[in-house]
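Everything on this sheet refers to the single structure shown next.
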């Protein structure tokens, strides 16, 4: 009962492990798949969010992945509108259409 007494611990445990149900081998497989199919190289960090968007149900996962990829691209020096467009294009190629 003590484990369930603090809701913040439960939430932190859940949030820290974003790819908990997805095998780690899928990330390199998707990197190769995207490189072969579309001719673009994505690094492991972006590929993790693509795998999450593909293998988890719900459109909100895709929207969240797009925001996370956008944030990564902005941190790497892209402007916000460019990063937003790139993130959306990457996920549309890999996953399918994204609702805004």
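Numbering (this note's numbering), first residue to last: 312 to 411.
Every residue gets a Cβ at the ideal spot worked out from N, C-alpha and C, and that includes glycine.
Here the structure is a predicted model, which means the values were calculated and not measured.
Decide if the region 344-352 is in contact with the region 374-384; the criterion is three or more beta carbon pairs, one per stretch, under 8 Å apart. no
Whole angstroms are fine: how far does the CA of residue 392 sit from the CA of residue 333? 31 Å
Should residue 348 go down as buried or exposed, given a rule of 16 or more other Cβ atoms within 10 Å for buried? exposed
I'd like the span of the alpha helix (DSSP H) that includes residue 348, first residue to last. Its alpha helix (DSSP H) spans residues 337-349.
Which residues in the same chain as residue 320 place their Cβ atom closer than 6 Å to its Cβ, once the five residues preceding and following it in sequence are excluded? Here residue 320 has no same chain residue with a Cβ atom under 6 Å from its own Cβ, once five neighbours each way along the sequence are excluded.
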